[in-house]
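J.: Numbering (the numbering used here), first residue to last: 1 to 571.
Idealized CB from N, CA, C, for every residue including glycine.
Predicted, not measured: the structure shown is a model, and the values here were computed from it.
This is the structure in C-alpha cells:
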C-alpha cells in the first residue's frame, strides 16, 4: 500500500546547541538536532544519559510493586527447602525469564524445577491443563508463574486449594479480576506508574537484583545474566527505552563474552558475528529459540539455555536450527494461503480489519503470519488455526491507534480466552464462531480507528543528502543505538536523486541502484523494490544507513525504504 510521507520537524536552537556540545560534527548538527527534537530531548543531561546508558543508572528494584514480597517469599522457600516450580511461557521471553530465575535460585540454594506448557495441548499461560500436568510432575510447594498468570484466577484458586503458594512475575495487561488477592506476590509493572516497558526477562532480572541486594550469593555476578535479559527483551519487541535500553546495550556487549554454552552454540549455528546488534537476536537467536515451542516442546530450548555442557549445547542448538528451517517452510505455506484468502476477500476501501482462519493452519506460526499480513495491508489482523475438532487458537497484531486487547474485549462473548498487549495478543475460539468474530472485530476496529489511522504512514526523521551517508555518519548514528521499538533506527530522506544506470534486479525482487544526488554518487539496495513500479525521476528517496562488514572492513550501506517523484506533494 502507498504510504503517506510525514516529513520531520526541524530541530531548534536548543537541540542544535546540544548536538554541537556533545561533539556531533558540524555536517551532521542539523540532522541530529532534528533527531533529538523528534525524540523529545531538551537538555544536555537527559541526552547524555540516553547516549551513554550506564548500569549504575538502574533504579532500585524495590520500586516495582510486589518485588519486596516476592523476594521475601522466595528466600523463605530457599531456607525451608521447599520445592519451587517455575511455570513459564513457550516464547523467547518466557524461556529466557525462566532461565534467569532458575540459574539464580539454584545458585542461591533453591530446589528448583522448571515447567513450560505444551503449546498445542495445553495452550498459553497458567492454564488448567498445563497446571494439572505441572502439579503431577513437579509436586511444587511454591509455583512462580513467569510471563503469565496475572489474570489466572481459576488456576490460582486451584493452587490455594492444593496448599501451594503462588508468586506471579508478568507484564501482560491485568483484568479487573486478577490474582492479586490469591497469591503471595504479584509483580506486574502494569499496576504501577513506572517500568511499564519491562518484559518478563527484565522483571526476572529486577527480582534477582532485589534478592542479591537482600542476601548476596557469594561469587555471583548479575552482569553475567544481561545477555539473557537482552535476548528476552529484544525478542519480545518491547520498547527500547529507559532501563530496557540500558540492559540491552550492556547485554549485547555481554553476549560477546557469554558464559552460557547455549547462547554460544546459538550464535555459532546462526552465523551471527560480533559486534552483536538487536537484529542478531531478532532474526537469528530468537527464531531458533521460538522454533522449539512453535513446532515441538519449548523444553528443548530451555534445556539449551540451562545447559553447562558445550557438547550438549551444540547438539541441541543443531536440532533447534533444523526445527527453525522446518518452521520457516510451514510459515511460508501458511503465509501464502493467508495472503490468497486476503486478496480474495479483503477490500482496503471497505474493511478496517482482517480476520482469517483455516483448518490445519499450524497454530505455532499464526503470530508470525499475522505480523506479515498486518504489515503488508496496514490493518489490525487476526490469524487463527483450527484443529480437526474445530478448536481454534490464533494471534493478533495491531496498528497504531487500535489497542488490541480492548478490541478483543468487545468480542469477548465469542472467545474462549484472550489476552496480551495493545499491539499483540492471543485468542482461542470455536470454528463455528469465526464469521461472528470477523463481524464483531470489524465493528470494533471501525469504532476505535479513524480513516486517517487506516492510511499507512512513513515517518521520516531527518533530511540527509545521500552523499553524506558514509562511514562517518555511521559512527555518529551508533551513538543512538541499540535500535528497536520506540527507539527506531533513523529513517532519512534525500531530495532530487537520480539513477545513473538502469536498476539491477537481484533474485527477481530486489534492486541494486547506482544513484546521484547533490552530494555525490552512491550505491543502494532496495529489498523487494522490483515489486513496485518506479516513478519518473528525479526522486525523493527514504532510506536507512546500515553497517555492512566485508573482509574485516565496515562500510556504510544505503537501504532504500521508499521512493517517490520529487514533484510529489510534500506530505
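Taking the CB atoms as reference points, tell me whether residue 272 and residue 327 lie closer together than 8 angstroms.
T.: no
J.: Which of helix, strand or coil does DSSP assign to residue 10?
T.: coil
J.: Take the Cβ of residue 18 as the centre, count every other Cβ of all protein chains shown within 10 Å, and call the residue buried at 16 or more, exposed below.
T.: buried
J.: Where DSSP assigns a beta bridge to residue 487, which residues make up the other side?
T.: Within the DSSP secondary-structure output, residue 487 pairs in a beta bridge with 484.
J.: Here's the rule: buried if 16 or more other CB atoms are within 10 angstroms of the residue's CB, otherwise exposed. What is residue 165?
T.: buried
J.: Does residue 283 pass the burial test, meaning 16 or more other C-beta atoms within 10 Å, or should it be called exposed?
T.: Residue 283 is exposed by the Cβ-count criterion.
J.: By the three-class DSSP mapping on this structure, what secondary structure does residue 535 have?
T.: Coil, per DSSP.
J.: Residues in its own chain within less than 6 angstroms of residue 472 by CB, not counting five upstream and five downstream?
T.: none
J.: According to the neighbour-count rule (16 or more other Cβ atoms, all chains shown, within 10 Å of its Cβ), is residue 505 buried or exposed?
T.: exposed
J.: With the cut-off set at 8 angstroms, would you say residue 85 and residue 138 are in Cβ contact?
T.: yes
J.: If you draw a straight line from the alpha carbon of residue 157 to that of residue 182, how long is it in whole angstroms?
T.: 7 angstroms
J.: In terms of residue numbering, what span does the beta strand (DSSP E) encompassing residue 106 cover?
T.: Looking at the DSSP string, residue 106 is not in any beta strand (DSSP E); the run it does join, the alpha helix (DSSP H), is 92-107.
J.: Can you tell me the Cα-Cα spacing of residue 521 and residue 566, whole angstroms?
T.: 18 angstroms
J.: With a 10 Å radius around its C-beta and 16 neighbouring C-beta atoms as the bar for buried, classify residue 455 as buried or exposed.
T.: exposed
J.: How should residue 571 be labelled, buried or exposed, when 16 other C-beta atoms within 10 angstroms of its C-beta is the threshold for buried?
T.: Since pLDDT at residue 571 reaches only 47, below the 50 mark, its modelled position is unreliable, and the value read off the structure follows with that caveat. By the 10 Å Cβ count, residue 571 comes out exposed.
J.: Can we say the region 36-46 touches the region 9-23, given the rule of at least three CB pairs closer than 8 angstroms?
T.: yes
J.: Around the C-beta of residue 2, are 16 or more other C-beta atoms found within 10 angstroms, so that it is buried, or is it exposed?
T.: exposed
J.: Can you tell which of 416, 382, 402 has the C-alpha that lies nearest to the C-alpha of residue 367?
T.: 382
J.: Grab the span of the alpha helix (DSSP H) containing residue 203 for me, first residue to last.
T.: 200-214
J.: How many Å lie between residue 569 and residue 525 at the Cα?
T.: Legend: pLDDT at residue 569 = 48, less than 50; position of this residue unreliable, no value from coordinates given.
J.: With a threshold of 16 other CB atoms inside 10 Å of the CB of residue 80, please say whether the residue is buried or exposed.
T.: exposed
J.: Are there 16 or more other CB atoms within 10 angstroms of the CB of residue 555, so buried, or fewer, so exposed?
T.: exposed
J.: Could you tell me which residues DSSP puts in a beta bridge with residue 297?
T.: Bridge partners of residue 297: none, in fact.
J.: Round the Cβ separation of residue 303 and residue 316 to the nearest angstrom and send it over; I've been treating them as touching at under 8 angstroms.
T.: Indeed they touch by this definition, with Cβ atoms about 6 angstroms apart.
J.: Taking the alpha helix (DSSP H) that residue 185 falls in, what are its first and last residues?
T.: From DSSP, residue 185 is part of no alpha helix (DSSP H) but of the beta strand (DSSP E) over 185-187.
J.: For residue 562 and residue 40, what's the separation of their Cα atoms in angstroms?
T.: 26 angstroms
J.: Distance cutoff 8 angstroms, beta carbons only. Does residue 52 sit that close to anything in chain D?
T.: The structure shown has no chain D; it contains just one protein chain.
J.: Which first and last residues belong to the alpha helix (DSSP H) in which residue 232 is found?
T.: 226-235
J.: Can you have a look at residue 15 and say buried or exposed, based on whether 16 or more other CB atoms are within 10 angstroms of its CB?
T.: In the assembly as shown, residue 15 is a buried residue. Its beta-carbon has 16 or more other beta-carbons within 10 Å.
J.: When the Cα atoms are used, what is the spatial distance from residue 347 to residue 423?
T.: Residue 347 and residue 423: Cα-Cα distance of roughly 22 angstroms.
J.: Drop a sphere of 10 angstroms on the beta-carbon of residue 277, count the other beta-carbons inside from all chains shown, and report buried for 16 or more, exposed for fewer.
T.: Buried: at least 16 other Cβ atoms inside 10 Å.
J.: Just confirm the distance between the C-beta atoms of residue 82 and residue 155, as a whole number of angstroms; I'd bet it's less than 8 angstroms.
T.: Taking the Cβ atoms as the reference, residue 82 lies roughly 19 angstroms from residue 155, outside the contact range of under 8 angstroms.
J.: So, is residue 311 buried or exposed, given that buried needs 16 or more other C-beta atoms within 10 angstroms?
T.: Here residue 311 is exposed: its Cβ has fewer than 16 other Cβ atoms, across all protein chains shown, within 10 Å.
J.: Can you give me the C-alpha to C-alpha distance between residue 163 and residue 546, rounded to a whole angstrom?
T.: C-alpha of residue 163 to C-alpha of residue 546: approximately 55 angstroms in a straight line.
J.: Suppose you measure from the CA of residue 124 to the CA of residue 89; what does that come to, to the nearest Å?
T.: Distance between the alpha carbons of residue 124 and residue 89: 7 angstroms.
J.: Check residue 349 in the structure and name its three-state DSSP category.
T.: coil
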